[in-house]
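A.B. asks:
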Amino acid sequence: MADHALDVRVAQDSPAPLRAAFTCDAGRVLALVGPAGSGKTRLLRCIAGLDRPQRGHIVCRGGTWLDTNQRISLPAQARRVGLVFQNYALFPHLSAEDNVMAAMTEVAPAERVRRARALLARVHLAGLNRRLPGDLSSAQRQRVAVARALARDPQVLLLDEPFAAVDRMARRTLHVELAEMRRHLDMPVVLATDDLDEAAMLADEICILHRGRTLQQGRPLHVMSRPASMQVARLVGVRNVHAARVVAHEAEFTIIDWEGTRLDAKGAPQFDVGKRIAWALPSDGVIVHRRDRPSRSEHENPLKGSVAQFLPLGAQAELVIHVNGRSEMALRTSMPLHVAARNRIAAGEEVGVSLLASSVHLMPWQEAGDGAATGRDHESTVPHPASSRTR
Amino acid sequence: MDWSALAVSLKLALWTAAILAPIGIIVGRVLAWRAFRGRTLVEALLALPLVLPATVLGYYMLAATGADSPVRAVTDSLLRKPLVFTFAGLLVASVVVNLPFAIQPMQRAFEAISMDVRDAAKCCGMRPWSIFTRIEFPLAWRGIASALVLTFAHTLAEFGVVLMVGGNIAGETRTASLAIYDRVQAFDDRAAGTMAATLLFTSLAAIIAVYVIRARPHVRR
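First to last, the protein sequences are chains X and E. For the first sequence, my numbering gives the first residue as 1, with consecutive numbering after it. For the second sequence, my numbering gives the first residue as 1001, with consecutive numbering after it.
1) Leaving out five residues on either side along the sequence, give the residues of the same chain with a beta carbon under 8 Å from the beta carbon of A278 (chain X).
2) Chain X beta carbons: is any one of them nearer than 8 Å to that of D1116 (chain E)?
3) At 7 Å on the CB atoms, spell out the chain E contacts of V190 (chain X), in chain order.
4) Considering only C-alpha positions, which residue in the set X:R293, X:S137, X:R171 and X:R71 is nearest to P302 (chain X)?
5) With C-beta atoms as the reference, is N129 (chain X) less than 8 Å away from D1116 (chain E)?
6) Is the CB of G1143 (chain E) under 8 Å away from at least one CB in chain X?
7) Flag G1066 (chain E) as yes if its beta-carbon sits less than 8 Å from any beta-carbon of chain X, otherwise no.
8) What residues of chain X sit near A1035 (chain E), judged by a beta carbon separation below 7 Å?
9) What three-state label does DSSP hand K304 (chain X) in the structure shown?
10) Kindly list the residues whose CB is nearer than 6 Å to the CB of V59 (chain X), restricted to its own chain and excluding five residues on each side of it in sequence; keep chain order.
11) Quick one: is Q77 (chain X) buried, meaning 16 or more other Cβ sit within 10 Å of its Cβ, or exposed?
12) Less than 7 Å separating the Cβ of R1174 (chain E) from some heavy atom of the ligand MN?
13) Suppose contacts are defined by Cβ-Cβ distances below 8 Å. Is A31 (chain X) in contact with L221 (chain X) by that definition?
14) Once the 5 residues before and after S306 (chain X) are set aside, which same chain residues still bring their CB inside 6 Å of it?
15) Let me check one thing: in DSSP terms, what residues is Q86 (chain X) bridge-paired to?
16) Using a beta-carbon distance cut-off of less than 9 Å, what residues from the segment 61-90 of chain X approach chain C?
17) Do the CB positions of L209 (chain X) and K40 (chain X) come within less than 8 Å of each other?
18) Leaving out five residues before and five after L178 (chain X) in sequence, what residues of the same chain have Cβ atoms less than 7 Å from its Cβ?
19) Quick one: which chain E residues come within Cβ less than 9 Å of A48 (chain X)?
20) Anything in the segment 100-122 of chain X with a Cβ closer than 9 Å to a Cβ of chain E? List those residues in chain order, please.
21) Reducing DSSP to helix, strand and coil, say where A1215 (chain E) ends up.
22) Are there 16 or more other CB atoms within 10 angstroms of the CB of T1055 (chain E), so buried, or fewer, so exposed?
23) Would you mind telling me which residues of chain X sit closer than 7 Å to R1127 (chain E), beta carbon to beta carbon, in chain order?
24) Would you please verify whether the beta carbon of R152 (chain X) is less than 8 Å from any beta carbon of chain E?
25) With H, G and I counted as helix, E and B as strand and the rest as coil, what does DSSP make of T1040 (chain E)?
26) Helix, strand or coil: which one does DSSP assign to D370 (chain X)?
27) If you compare alpha carbons, which of E:S1114, E:A1179 and E:G1066 is closest to T1198 (chain E)?
28) What are the boundary residues of the beta strand (DSSP E) that C60 (chain X) is part of?
29) Does any C-beta atom of chain E lie closer than 8 Å to the C-beta of D370 (chain X)?
30) Could you check whether the Cβ of I1135 (chain E) sits closer than 8 Å to any Cβ belonging to chain X?
31) Does DSSP put P17 (chain X) in a helix, in a strand, or in coil?
32) Please report the straight-line C-alpha distance between E1043 (chain E) and V29 (chain X), rounded to a whole angstrom.
33) Cβ closer than 7 Å: which chain X residues qualify as neighbours of P1138 (chain E)?
34) Are the segment 1203-1214 of chain E and the segment 1131-1150 of chain E in contact at 8 Å, needing three or more beta carbon pairs?
35) So for G1166 (chain E), helix, strand or coil by DSSP?
36) Which runs of the beta strand (DSSP E), 3 residues or longer, sit entirely within the segment 112-185 of chain X?
In structure tokens, the structure reads:
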């Protein structure tokens, strides 16, 4: 087992189920991504020592913070954690500077003011150190919270939806600041967010969380293009997920049968011939042909269909294409409106599309129902994250 | 003007507030943040003096400290004199009557401190006593102070239980409110009026103090 700066495996059955396992290396940002109520905050609280799971193991920088088998559970005060709360949880009666100094319990009093001011300057709040939190904007409060979290020289930095309470313009600025700041951080950073785009932008790795269970951890683009299960595919917004059956394996491709249509997919020899599987394709894997240049390439899966829905959304158009005119063979994609206009693509029009074989990703079939098991996730035990880790 | 009665009233109010300060902080804090079995019953019992006639409370206190009562045996051995018709007995009754006036505002003050703020203090490495002194008390002190001022003012105004338990002994258990009653019975309107005005302005000052204390400067308007 590789040593990671942060290794988390926790489980509990009540009050809300939790089965999570993930790792994060020093200097890396891991985004815990999941919808509201998926358990992101609970996980961060477990790491911080604010909640105690029924079973689990948390190791940070070689130190065991939690080991329920050994009955080890360090209190929050004994874990060097920097936690930025979703609502920042600043001490309302203390100035920005005093808020930051409050976390310097182990720093000599004479040194605290200098360090607090340096931290506030680092988060672009120089000159506002005597302001009370109530006199700061939401973005400024977030910066104070980050400075306070860093003031303890934490071994891990936990960010609980730190951008949720700021407006869009401020959020963009804070994204840039975090991206800049993280280059100088040598501790693992765990970012909880429900915004997949934010996670992909800021994190080295993402870990998909749903109903308290971690489903897949890996590089953002990889998880989004190679989801481990149909559930992950849905959670990361893959819009084309269909059932098919494996027909054959040929070289680096796997041939599948989709409603009677043969498709080339990226090789997945782990699935036996004849097995029912699901295939997923990101919307950018659907190439709509130009009228004057239909695809003839091998492994591009050229198909014919009709545009069942054409919906302008800003400068883009959202398309639903029924392959061979069949509604159960719906492909979803989007394209710039001007491209659609140039190619005379509109509702009811016949179009040619290609599905890039290298983008067609095969997954285990999963019956409908959110609670169904997912490929390599955690049903009865909490496995090491390597078992659900993808690269 | 019965100065000794006013002195008894002030002494009783100060002692009541002093005793209820730690009780209110501890009980208010527990009720604000902890869930436990029987919590509703505890809250109901603590609120009972708000609706119960003071004479009922006084009656039960007299019954509890009656000649055959085990409570009396204990208090007699501790105080070496009966609890009823003494200042100590009056103080016990006053503390009981004022429990909701002290505890409820303090409970509300602690409830207003979010769990995240207390958790943030833990994540900052603060120990429990440090969290109380540096975070909780500075945030709750307005509620605590206003609770104590209310307790003080309410004790000054107490009549029924004082009469039942204290017995109206001059210099010992006769409070200002009892003295006013006595003066009215004796047709001494001038003395009654002076004492009534003194209590009126004292109570008004206390209520104004409560409103001033409750203004929260660190909340953005």
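C-beta: ideal position from N, C-alpha, C; glycine also.
C.D. replies: The short version:
1) M230, A233, V241, H242, A243, A244, L362, M363, P364, W365 and Q366
2) yes
3) The contacting residues do not exist; V190 (chain X) stays about 14 Å from chain E at best.
4) X:R293
5) no
6) no
7) no
8) In chain order: nothing, as chain X lies at least about 12 Å away.
9) strand
10) D7
11) buried
12) Among the components of this structure there are no ligands whatsoever, and the ligand MN is therefore not found.
13) no
14) H322, G325 and E350
15) Looking at the DSSP assignment, Q86 (chain X) forms no beta bridge with any residue, so it has no partner.
16) Among the chains of the structure shown, chain C does not appear; the protein chains present are X and E.
17) yes
18) L202
19) D1119, K1122 and C1123
20) A102, A103, M104, T105 and E106
21) coil
22) exposed
23) Q77
24) yes
25) helix
26) Any reading at D370 (chain X) is ruled out, since the residue's pLDDT is 47, under 50, leaving its predicted position unreliable.
27) E:A1179
28) R55 to C60
29) Caution applies to D370 (chain X), whose pLDDT of 47 falls short of 50 and renders its modelled position unreliable; the model cannot decide the point.
30) yes
31) coil
32) 47 Å
33) H93
34) yes
35) helix
36) 156-160
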